[in-house]
Structures are given as structure tokens and as C-alpha cells.
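K.L.:
Next up is a structure, given as C-alpha cells.
Protein chains: 2
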Amino acid sequence: MKTQKTVVRHDCDLLSWLRERGHHLSSPCGGKGVCGKCRVRILEGKEILALPYPGLRGITLDEWEDGWRLACKTMLDEELTIEIPDSWNTDANVLTSGDYEVTLQPSIEKVYLELPKPSVEDQVSDTDRLHKALSFTGILDLSLLQSLSNILEENEYQVTAVIQDNILIGIEGGDTTKELYGLAIDLGTTTIAGTLIDLNSGDEVGVYTNLNPQKDHGDDVISRISHTIEKKDGLQNLQQMILNELDRMVDFFEQQYDISAKNIYHINAVGNTVMIHLFAGLPVKNIASVPFNPITTNLPDIRAKELGLKVYPNAAVTSLPMIAGYIGADTVACILATDMLEGPGYSLLVDIGTNGEIVLGNQDNLLCCAAAAGPALEGAHIQCGLGGIRGAINKIEICENGISHTTIGNKPAIGICGSGIVDAAAQMLDRGLVESYGRMLLAEEASEKLSAELASRVREYSGKPSFLIASKLQGASTEIFITQKDIREIQLAKAAIAAGIQILMQEMQIKFADVEKVYLAGGFGNYISHDHAMKIGLLPVECKDKIIPIGNAALTGAKMVMKSAMLKKTAEKIRKAARYIELSTRADFQDIFVDNMEFK
Amino acid sequence: MKTQKTVVRHDCDLLSWLRERGHHLSSPCGGKGVCGKCRVRILEGKEILALPYPGLRGITLDEWEDGWRLACKTMLDEELTIEIPDSWNTDANVLTSGDYEVTLQPSIEKVYLELPKPSVEDQVSDTDRLHKALSFTGILDLSLLQSLSNILEENEYQVTAVIQDNILIGIEGGDTTKELYGLAIDLGTTTIAGTLIDLNSGDEVGVYTNLNPQKDHGDDVISRISHTIEKKDGLQNLQQMILNELDRMVDFFEQQYDISAKNIYHINAVGNTVMIHLFAGLPVKNIASVPFNPITTNLPDIRAKELGLKVYPNAAVTSLPMIAGYIGADTVACILATDMLEGPGYSLLVDIGTNGEIVLGNQDNLLCCAAAAGPALEGAHIQCGLGGIRGAINKIEICENGISHTTIGNKPAIGICGSGIVDAAAQMLDRGLVESYGRMLLAEEASEKLSAELASRVREYSGKPSFLIASKLQGASTEIFITQKDIREIQLAKAAIAAGIQILMQEMQIKFADVEKVYLAGGFGNYISHDHAMKIGLLPVECKDKIIPIGNAALTGAKMVMKSAMLKKTAEKIRKAARYIELSTRADFQDIFVDNMEFK
């Protein structure tokens, strides 16, 4: 914890001011004063007293008088001093691993050439001289051609050609074949993960993870889309945030592994359709409303220089194909990372990130849908919710006589992340603290039905019950509790996922018993208690013993395609084969959705 | 004739100053004070007297005192008034016609689409929506994709797709299919000619010709190459001159034919290898010295926006393949415009522009070479020589009792162009005024051997004989004469061409009698007297009755390929089939060259 003084500004809220300085406060509502996440404590500053208490979400009168404010609604007017909690700058705990095996045959290759020098007996153009030594079907662009003869001459015709899919994209002096790297990236809505790959060996050199800086404009893709609609330069702004983050990733790899940014020749980034559109600067507004159409499901040829990235200027910037507005390149990458397509047996793939993507299929059929689960299962829209960062409660055990928990990094608890929320909900249900339709017991009801220890944790919050998970007495940094509203959020999220699965089953005309494997992708899939997920009905109970957590399978798929260019064809086959089921417009969806709201 | 005052400048010569103001004075030597072509008469100005008479080429002491100077060697120091002769701004008389017939199937096509609007039942991305209506294999680039959805929406999905060779290069609102133009251009060293083509009908809408503004940096490609080596921004400078000239061409077509620059979707420019390299901003220095290698013989994909041209930003900018440093896209275009490849009979193609290109072949074999003829046959390096502009003497008849001439545009003669020079040389030879080894008769010898009228025209010039062709008495603006040095220039030029033809015949192991057709390309081929060309030995006498003038066949070829994309393959076949013979490094060349110096 440290303190910081601001300068006088009249035209800026404190949230924006802090973000400009690199503090990534959570703000799921996108600065609308609704979510109550961007709490800031002002230590010194006249306006603390000058402004009346507005009853803003989650800030009590006592806290208000103690200096607590919502940063998004605090306009800077005077010099003031604020607290900077460590959590604002905490590294994200992002899954980056995943098992896979591919034949190494990257899109980008380098070939060292010792060309014969021009002579009267060997009178050919510079490009024909290269052609004689090397087969390629074209030269990338005019600027490469403009630099060609100088590079050849300065290096006495000993050069390294950089080839991508039969196109010459670069010429370097001398033998540089050893320096050939690529970046496989998962552009998640919440977190960004990148792996630096040595394309000569296929080895993974290093890993980088961080929160997606676009979080400053909302936790879910809808908030980000809104930002591009509401703000004039919103789209460019969000795009630039991602590009800057990639440059920071490259800086990190340069410093950590003694490589040069200029030796990164390929960036293969997967992500949901909105993220990939934002990354490429493509308008996303149509994805927000019916019929949710993206601009494209395949990016055109892009070079790093077009985006201003600091890697090799002609580096290829690619993604994988997308399937629909809400089934993106990350899902295609996940499918690639499984063996869903490899036999007659059916598999179910559930990727619960900020959005929930569900795929059901086998070698003949592939159905997919997107469940508007919202980011509740990632900790957003939950009163004490957090992403999977250090200090987040990731495991909870509720016993008759008390509650124990663990946190990520064994830090004092500062909130509760997805797996902890599922643990809490499942066990509150088990103990009768939550009824099957989701109502939490009132304090007086709890006193009757529960042990004194558990009943003492039931309190009132905004006129509804809440349940204390951890307090300072248990080593937490603050009181951490689950509210009635949190339970509702979980109900909505699990109902959306469960309804999606049910509808795909119906469409495929199969039963849960017919499903051989259930792939759980994402950090959530790895950390969640499968039993608790089935308890709350997020996954069907028939999944038991079939669940295979596949980690960050999106990143795995991105790495696989980077290492083995042939898989691009498989990815394109997936795109063409997959049939997308739009849930929101189905006549039967609401019924199935509501039916799944119940904790059965 | 008008007069113009300069401003005071200390750092600029008068030639540069005038050029900056759009006056294209001839300067074959590139401003070195050698050729004596950039004569300027200064009417008022202190420095006239201040500078000593430097004995600069072609300016007599009388002329010096009368205010004549070489603009390139006159530094501006004071305000002065000069004469601006009309000829500085005369339009070039450039051949643009040529017969040909092709199937209309341009590279660029437009298709009007009325796409179904997105609906839940038809939930596909914008690009897939286009794909369903239209087959294309890719979208040009990210920026096109970025603008796609707005254009679709603003026009209610009624749009015109612009397709080039299976790639989507543009989308326009509404039905714009009627507006589809292309520019076929011949980038000559001396002159530039362009034809605006309606790609829907194949009709030629209009023609534009002008001098190549690069002439300011020398008349031949070697001077231009030197400019790029000597000046830091020389290459960019020469490139920009051409690009500006193309923009002026587009302005002209806009004004003249009520079309919009933005409706020009294709520029197909041919020219010699140096011109095409300069046009694309590719270094040319290696073309000037052994082994004369260009950077490339095929341009990569270029868009108009990369060059900053004011046509449609994604317009295709193409050329035809080149064969070697001195056999360019113009020669390939010429070959395309003939039927050289269509049978077992041999044809000879001679293109005497600023360089001389010679091709000999039939359906099985194609040999070519470049003759360093120099620009003498285009009027450069000739004392009173001029390009084919208005006022140039283009026909001369020398009789016993006098000389008659015609001029281009029937203007008072201001100089003599290529066809006139060949007429003069052939008849001076005929009349015995020039001996077979090229020596001109001295005045006293002429008095003995010629009529008094002709003998009176033989005068001394720089210590050697000269022969008066026209004077003010015959309606000329000034005295126009042929010097001994001019005859030497013609000897060198014709020897180079004749030697080139002879060596190709040897290599092909055929005789002149085996040649069925002799194609003469370029303005020269159309305007020259064939008999006189054979008389001076420029063409073998065996050519008689076989000569087919094909006009600006380079431009014809450029137009053909623009109208019929299939011909690109034929052009590529020509490039691959043609064998280039480098004359300058052959052991037998000097001997054959000197042997052809004689007027036989």
C-alpha cells in the first residue's frame, strides 16, 4: 500500500486519472457508478467533505466519512491524496499450459543463401537470382523490393530469406536463421496470455500473462462494444490498448530471454470474435444487437507494421477462423486442441471464460452456441468477486462449525474468484442456506435451521441476506461475503450454460449418456470443483467421470497452428463444418433457461 | 514569345529555376554545360555584363553580348528579364495509335449486388454475405475490411463490388458499375502517352501525351541513373516527377471527359526497365554498369495509394514483365502487339526510341538485344535536333537547286526531329556531301562537286563543316543546320542498331532473306522514310517491302493487357522464352559495330 497525490484537474474523473497512470482498477460497469468496484479511499482532500453522501453502491455512510468513494464518480478538483492498494496492479493468474503434439512446420521459415555474385555470364535480376536459389511465388510488397539490392550488395549476396507460405517477406544480411520466433497469444476478455515460441525447435521460450487493459472500459464484451459506439475514437482506443499490451509483452520477452523484438516474425492471436475485431480495428457494433453479425470470420493478410507493433515490420499477424459473433477464434482453437473431430463418439466442450461457449460434436457434426452467462463465474458482478489474481479465495469449505478457505498465492484474502464462488454456492445449497429456487435464508430463519456458527454469518446487506465467508479474524484483508444478489447472478449464469448444453443435445438428438468426453476449457475448468459445478447444475450430473480439464486450450490451439501451418486447413474445416445455434432468438430458449434456474 | 522577370536567388541556376516554374527546356547533358541545348536570352539584368564570356558550347561572342546564356550555368543573383520561347512548353507529338483486337476481359471487374439484409435466419458475417453472392478468394487488406460494414449499412446492402483477379479490392454504395476506367500508359524516356479506357466497353475514351518531365535530368536513361547516384533524393525525385505527371494526366482526363479520378481502377504502365524501376521507386544504379542487372523483371502487387496517385486508392498499378536491364516492359508489350509468336516465319522487331531494342524470333525462339544507339535519332545530341514537337522539321527534300522541308503542325521551323535527320543524312550521302566513311565535304570541296546553291549552304561550324537546311529566308525561326558532329552521331546510332540486328541474325543462324516481317515500333517507325533508313544503313536493304510500322506498339500492348487479363500469361511466357544477348560484352561486337559505321 502506498499513497499518491493528484494534480488539479477539472475535466477528469479519478478512475480515468488513475488508469492513465497504469492502475487497472476493476470497473465491470464501465464507469457508470453501478457496480461499486472502483472503490478508492481518499486520505486528504477538501472535496471529501464538500460533496454530499450520494448513497453510491456498496459504500456505507461510515465508509463515506472515512474517505471511500467510487473513483468513476469522483471528479478531480483539488489536490488530494489517495490509497493505492497492491491489488490494482496484481498480476493475473492465467492458465497458459496444455498438452499437445504437432509436427513442426511453421508458416514462417528462414533459409540462408550464398548467392553467386552477378556477372556477365549470369545476368539476371536480383529477384530472379533469389528465385534460382529458392522457390517462392511472390514478393510481399514494393518496399521490400526497394530495399532488396542494397541488402544483397552490402552482404556480398550472403543473405537469409524469410518466407511465409511461399511469399518472400524479408531479406536479412548474413546467416540469421537461428533467430526465428513467434508469439502465440490468447486475447481473453479478462486476461491476456502469450507464449514465445522458438520456431526452429518448437520450444516454448517463455510465457507472459496480464489483465486485459481494456477492462478499464468494462468487464464484458458488451461494455466494450458500447464504448466503441459511445465514444468517437472508442474503437481505435480499445485497439490501441491491446496493441500497447502486446508491445509490453514483447518488451518483457526481450528483457527476460535476451531476444530481439525484430526476430519475432509471426503473431498468432486467438480470442473471441469481439476481441479479434477490436484487435484488428474492425467495427463491432453489429455484434451487440440482433442478428449479432461480425464483419468477418477470417482476417485478411495483416503485417505487424500496419498495426504499428514493434516486432519485425513484415511479421505476419494472424488469427484463426471465427464461427459467429459469439463463437470466435478461441473456440476454434479449443476444438483444435481436443480430439473432438477424431471419431464417432460425441464430445462436449465447455469454455467458461467471460462468455460461455459450448460445442457438441463428433467427426460428422459440430454444433455450437454461446451462452450469455455473463462474467459472474469469473468474479465480476459478484459483490466481493475478483478475477483469478493473488489474494482471491479459490477454495472454500463450509462445515457445521466454520468455514475455511485458501487463496491464490496464499495471500490474505481480498475477494473471491470463480472457483470459490462455485464452492460457496454449492455448499450454501447443501447446508440449506440457499433454497432450490435460490432464495437465501433470512437471519432469523438461519438461526432456526443452521448451527450458531453459520447462522451468525448471515447478515443483512442492502435489505437482503448476505453470508460472511471470511473476515479479518480469518486473516482476510476485508470482510468477504456472498449476497443474495450474488446467488441470483450465479443462478442466471449456470442456467444459461446448462440451457445451452441442453439445446445442443436436443439439436444433435442425443442424450447426456451418449457423450463420451466433457472438455472443460479455461482457467475455470482447471480450478473448479467438478462436484460443486454439478451440484449447482452448471454441468449435468451425467458428466461425472467424463470431465477432462484442458486448461487454456485457446492458447494451446494458437500455439499448435503457429508450429504447424497445416493445421490452418483443419481450422478452416472446423469453421465451415460448425453450425451455430443462436439461443437468444429460439422460441424454446426462455422456457429451458428458466427451467434451469432451479438448483435441482 | 513572352518575357518573365526572376526574383533574387543566390543558390539556384536559371535552368532549375525555370523548371520549377514548369518550363521544360531541353537539357540532354543533365545540366553539365556540355550539350548547349538550354540556351536562354537574358533581356535585362546586371549579371549579363558582370560574368566573363566562358566560351560555352554553341554560344558565339556576338550571341553572348546579345544576352544568350546556357541556363544551366547561369546562377541567379539579381533581378533579370528573360525570353520565354513557345517551344519550351510545346506539347509533344507522340504516337498513341495502333491496331489490335482482343477479347474484353479486364483484370478489374465490377458487380452490382442487392444483398439480403441480415436477419436471425441468415446470420452470417458481412464478408460471408458477400461471398454467398460473389466468388472471391480474399479481401485486399485490413483497411477495406474496416470500412466494409459501414458501406453495407449506409447503402442498405445494395453495393458494387470491385474485384481484381479474384480479390475484392473495393466496395461502393449503390450501382456504380457504369463507372469503370483504366489507364494504359507508355512511360517513354522522352515522352509519356496515356490512353483512358472504358473497361466496360473497351472503348478508348481519350489520349494524353506530354514530354517526360524527367528530361530535366538528362535525355537518356544513363543521365537519369546518374542523377539517382549523385543526388541524395535523386531516385525519389525522379519517381515523384513521373507520379506528378500521371496526376496531371488524370486531371486532364477528368476535365476533358467528365470522369472522376476515383473511377480509375487500373493503371498499366509499360516502359523500359529503367523507367519502370524509377516509376516504382526501385534503385537503378546497377543497371548502369556491368552486368547491368535490374532489381526485378516483375513488379509486385502495387496499389495506387502506396504511390500517392490520385486515382482510386486501391487501384491496381501494374506493368508488364521485363526481360533484362535494357529490354523492358515496353518491348514485351511491342512483342504482344505483333504476331511474332504465331508461326514458324521469322519476324524482326526494331523499336527505336531513346534506346534501340531489337527482337528477332518466331513461335519457337525469341532473341533480343539492346543497341546503345543513344537518342540521336530522336533529335537529342544533334546540334539543331528536337523531339517530335510542333515546329520540328520532319521531312526534308534536297534537290540540286535547293532544299524544301515540312514541319510538324506547319509551324515555322525551330529545329529538326528524327525523321528529318534521317532524310537529311540520306540525301547528303546521295548528293556526295557526305562520304561513305562519314566525312562531310569542306566548303571548297563542295564548291567543286555540288551545285552553287547547295555549296553555298556548306559553312564552318566549330572548325568543321556544317550544312544549312533552313534559314529565316525559308520561313524558319532560326538557322537550322546539320554539323559534321551530327553526322558522326547518326553513324554511331545506325551502326549500333545495324550491328544489333546482325548479331541476332548470327545467333539465330538465319539470313535477312529468312525474315518475313520487319516491325518498326515507335514514332520513328511511323514517320521515318524507309528508303532513307535503308540508304544510311539503319535497316538492311533486304527489309524493303517487309516493313510494317506499328506505331506506339508499347502502348498498344499495355492497352491489350488492360482489356484482356489473359494476355498477362502470354506476356509472362514472352519473358521466360526470350533470350537476351548482351552486346557490349561480346568479343565480336566491336568489329561488327565498326564495320557498320560505314555508309555502304
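The listed protein sequences correspond, in order, to chains A and B. First residue of the first sequence: 19, per this note's numbering; consecutive thereafter. First residue of the second sequence: 19, per this note's numbering; consecutive thereafter. We treat Cβ as the ideally placed atom computed from N, Cα and C, and that holds for glycine. If you're wondering where the values come from, they're calculated on a predicted model, not measured in any experiment.
Would you tell me roughly how many angstroms separate the C-alpha atoms of A/Pro430 and A/Asn255, rounded to the nearest one?
P.N.:
Locating residue 430 of chain A in the first sequence gives position 412, counting from the first residue. Locating residue 255 of chain A in the first sequence gives position 237, counting from the first residue. Those two C-alpha atoms are separated by around 35 Å.
K.L.:
How would you call A/Leu122, buried or exposed, if buried means at least 16 neighbouring beta carbons within 10 angstroms?
P.N.:
As a working note, residue 122 of chain A is residue 104 in the first sequence. Classification of A/Leu122: exposed, given that the 10 Å Cβ count is below 16.
K.L.:
Got a sec, what are the start and stop residues for the alpha helix (DSSP H) A/Gly403 sits in?
P.N.:
Locating residue 403 of chain A in the first sequence gives position 385, where the first residue counts as 1. Unbroken run through A/Gly403: none, as it is neither H nor E.
K.L.:
Spatial neighbours of B/Arg506 within its chain, please: C-beta separation below 7 Å, excluding the five flanking residues on both sides.
P.N.:
Here the question's residue 506 of chain B lines up with position 488 in the second sequence. These residues qualify, in order along the chain: Gly456.
K.L.:
Would you please state the rounded distance, in angstroms, between the beta carbons of B/Asp144 and B/Ser167? I believe it to be under 8 Å.
P.N.:
What you label residue 144 of chain B is simply residue 126 of the second sequence in a count that begins at 1. What you label residue 167 of chain B is simply residue 149 of the second sequence in a count that begins at 1. The Cβ separation is near 5 Å, so the contact holds.
K.L.:
Considering just the uninterrupted stretch of the alpha helix (DSSP H) at B/Asn255, what are its terminal residues?
P.N.:
Residue 255 of chain B sits at position 237 when you count from the first residue of the second sequence. From DSSP, the alpha helix (DSSP H) with B/Asn255 extends over 252-275.
K.L.:
In whole angstroms, give me the CA-to-CA distance for B/Thr108 and B/Cys56.
P.N.:
Within the second sequence, the letter at position 90 stands for residue 108 of chain B. Within the second sequence, the letter at position 38 stands for residue 56 of chain B. Residue confidence for B/Thr108 is low, a pLDDT of 43 falling below 50, so the modelled location carries little weight; the figure read from the coordinates is stated next. C-alpha separation (whole angstroms): 15 Å.
K.L.:
Let me know if B/Ser125 comes out buried or exposed under the rule of 16 or more other beta-carbons within 10 Å of its beta-carbon.
P.N.:
Taking the second sequence and counting its residues from 1, one reaches residue 125 of chain B at position 107. Answer is buried; the Cβ neighbour count reaches 16.
K.L.:
For the alpha helix (DSSP H) containing A/Cys352, list its first residue and its last residue.
P.N.:
In the first sequence, the residue the question calls residue 352 of chain A occupies position 334. Note, A/Cys352: alpha helix (DSSP H), 347-354.
K.L.:
Evaluate A/Tyr545 with the Cβ neighbour count: other Cβ atoms within 10 Å of its Cβ, from every protein chain shown; 16 or more gives buried, anything less gives exposed.
P.N.:
The residue given as residue 545 of chain A occupies position 527 in the first sequence. Burial of A/Tyr545 is indicated by the presence of at least 16 other C-beta atoms within 10 angstroms of its C-beta.
K.L.:
State the DSSP-derived secondary structure class of B/Ala306, mapped to helix, strand or coil.
P.N.:
Taking the first residue of the second sequence as 1, we reach residue 306 of chain B at position 288. Coil.
K.L.:
Are A/Val292 and A/Ile370 touching if we call contact CB-CB under 8 Å?
P.N.:
For the purposes of this step, residue 292 of chain A is identified with residue 274 of the first sequence, where counting begins at 1. For the purposes of this step, residue 370 of chain A is identified with residue 352 of the first sequence, where counting begins at 1. Taking a C-beta distance under 8 Å as the contact criterion, A/Val292 and A/Ile370 do not qualify as a contact pair.
K.L.:
Tell me, which residues are paired with A/Tyr199 by DSSP?
P.N.:
Walking along the first sequence from the start, residue 199 of chain A turns up at place 181. Paired residue(s): A/Asp216, A/Ile282.
K.L.:
Pick out whichever of B/Glu248, B/Ile416, B/Gly220, B/Ile400 has its Cα sitting closest to the Cα of B/Leu9.
P.N.:
Because chain B in this structure spans residues 19 to 618, residue 9 of chain B falls outside the shown range and cannot be described.
K.L.:
By Cβ distance, which residues of its chain are closer than 6 Å to A/Ala596, with the 5 residues on each side in sequence left out?
P.N.:
Indexing the first sequence from 1 puts residue 596 of chain A at position 578. Same-chain partners within the cutoff: Ile341, Leu384, Cys386.
K.L.:
Where does B/Asp504 sit, in a helix, a strand or coil, going by DSSP?
P.N.:
In the second sequence, counting from the first residue as 1, residue 504 of chain B sits at position 486. It is helical.
K.L.:
Measure the beta-carbon distance from B/Leu131 to B/Val177 and round it to whole angstroms, keeping in mind my assumption that it falls under 8 Å.
P.N.:
Within the second sequence, numbered from 1, the residue matching residue 131 of chain B stands at position 113. Within the second sequence, numbered from 1, the residue matching residue 177 of chain B stands at position 159. Between B/Val177 and B/Leu131 the Cβ distance is about 6 Å, and since that is below 8 Å, they are a contact.
K.L.:
Just the C-alpha distance for B/Lys467 and B/Glu478, rounded to the nearest angstrom, thanks.
P.N.:
Stepping through the second sequence from its first residue, residue 467 of chain B is reached at position 449. Stepping through the second sequence from its first residue, residue 478 of chain B is reached at position 460. Going from the Cα of B/Lys467 to the Cα of B/Glu478 covers about 17 Å.
K.L.:
Assuming the contact rule is C-beta atoms closer than 8 Å, A/Tyr330 and A/Ile282 should be a hit. Round their C-beta distance to whole Å, please.
P.N.:
Looking up residue 330 of chain A in the first sequence gives position 312. Looking up residue 282 of chain A in the first sequence gives position 264. Their Cβ separation, rounded to whole angstroms, is 6 Å, which keeps A/Tyr330 and A/Ile282 in contact under 8 Å.
K.L.:
Between which residues of its own chain and A/Ile610 is the CB-CB distance below 8 Å, once the five residues before and five after are set aside?
P.N.:
As a first step, residue 610 of chain A must be located in the first sequence, where it is residue number 592. Contacts found: Ala517, Gln520, Ile521.
K.L.:
Below 9 Å on C-beta distance, what does A/Thr315 contact in chain B?
P.N.:
For this step, residue 315 of chain A is matched to residue 297 along the first sequence. Correct list: Val142, Ser143, Thr145, Asp146.
K.L.:
Just to confirm, is the Cβ distance from B/Leu354 to B/Ile568 under 8 Å?
P.N.:
For the purposes of this step, residue 354 of chain B is taken as the residue at position 336 of the second sequence. For the purposes of this step, residue 568 of chain B is taken as the residue at position 550 of the second sequence. Contact flag unset, no.
K.L.:
What alpha helix (DSSP H) runs, 4 residues minimum, are completely inside the stretch 146-214 of chain B?
P.N.:
160-172
K.L.:
Which of the residues in the stretch 284-316 of chain A, read from start to end, lie with their CB under 9 Å from any CB of chain C?
P.N.:
The displayed structure is made up of protein chains A and B, and chain C is not among them.
K.L.:
Quick check on the DSSP output: the beta strand (DSSP E) that includes A/His423 runs from which residue to which?
P.N.:
Here residue 423 of chain A refers to the residue found at position 405 when the first sequence is read from its first residue. Note, A/His423: beta strand (DSSP E), 420-425.
K.L.:
Measure the alpha-carbon distance for B/Gly436 versus B/Gln524 and round it to whole angstroms.
P.N.:
What you label residue 436 of chain B is simply residue 418 of the second sequence in a count that begins at 1. What you label residue 524 of chain B is simply residue 506 of the second sequence in a count that begins at 1. Approximately 29 Å, taken between the alpha carbons.
K.L.:
Which residue marks the beginning of the beta strand (DSSP E) containing A/Ser137, and which one marks its end?
P.N.:
Counting from one through the first sequence, the residue named residue 137 of chain A turns up at place 119. Looking at the DSSP string, A/Ser137 is not in any beta strand (DSSP E), and its letter there is neither H nor E.
K.L.:
Does the count of Cβ pairs from the stretch 314-330 of chain B and the stretch 147-162 of chain A closer than 8 Å reach three?
P.N.:
yes
K.L.:
Under 8 Å Cβ to Cβ from A/His550, same chain only, skipping five residues before and after it: list those, please.
P.N.:
Within the first sequence, numbered from 1, the residue matching residue 550 of chain A stands at position 532. Correct list, in chain order: Val440, Asp441, Ala443, Ala444, Gln445.
K.L.:
Which of the three DSSP states is assigned to B/Phe499 in this structure?
P.N.:
On the second sequence, residue 499 of chain B is found 481 positions in, with the first residue counted as 1. If DSSP states are grouped into helix, strand and coil, B/Phe499 belongs with the strands.
K.L.:
What does DSSP give as the partner residues of A/Gly289 in its beta bridges?
P.N.:
To locate residue 289 of chain A, count along the first sequence from 1; it is residue 271. Looking at the DSSP output, A/Gly289 bridges to A/Leu205.
K.L.:
Which residues of chain B have a Cβ atom closer than 7 Å to the Cβ of A/Pro136, listed in chain order?
P.N.:
As a working note, residue 136 of chain A is residue 118 in the first sequence. Under the 7 Å cutoff, chain B gives Pro309, Asn311.
K.L.:
Can you tell me whether DSSP reads A/Leu79 as helix, strand or coil?
P.N.:
Along the first sequence, read from residue 1 onward, the residue named residue 79 of chain A stands at position 61. If DSSP states are grouped into helix, strand and coil, A/Leu79 belongs with the helices.
K.L.:
Given that A/Thr603 touches chain B, what residues does it touch there, using C-beta distances under 7 Å?
P.N.:
As a first step, residue 603 of chain A must be located in the first sequence, where it is residue number 585. Within 7 Å Cβ-Cβ: Val138.
K.L.:
Assuming B/Gln381 and B/Leu367 make a contact with CB atoms under 8 Å, what is their CB distance in whole Å?
P.N.:
Start at 1 with the first residue of the second sequence, and residue 381 of chain B comes out as number 363. Start at 1 with the first residue of the second sequence, and residue 367 of chain B comes out as number 349. B/Gln381 to B/Leu367, Cβ: 14 Å. No contact.
K.L.:
Using beta carbons (cut-off 8 Å, strictly below), is A/Leu113 in contact with chain B?
P.N.:
To locate residue 113 of chain A, count along the first sequence from 1; it is residue 95. Summary for A/Leu113: the model assigns pLDDT 43, below 50, so the residue's position carries little reliability; its value from the coordinates is reported in the next sentence. No, A/Leu113 does not count as interfacial toward chain B.
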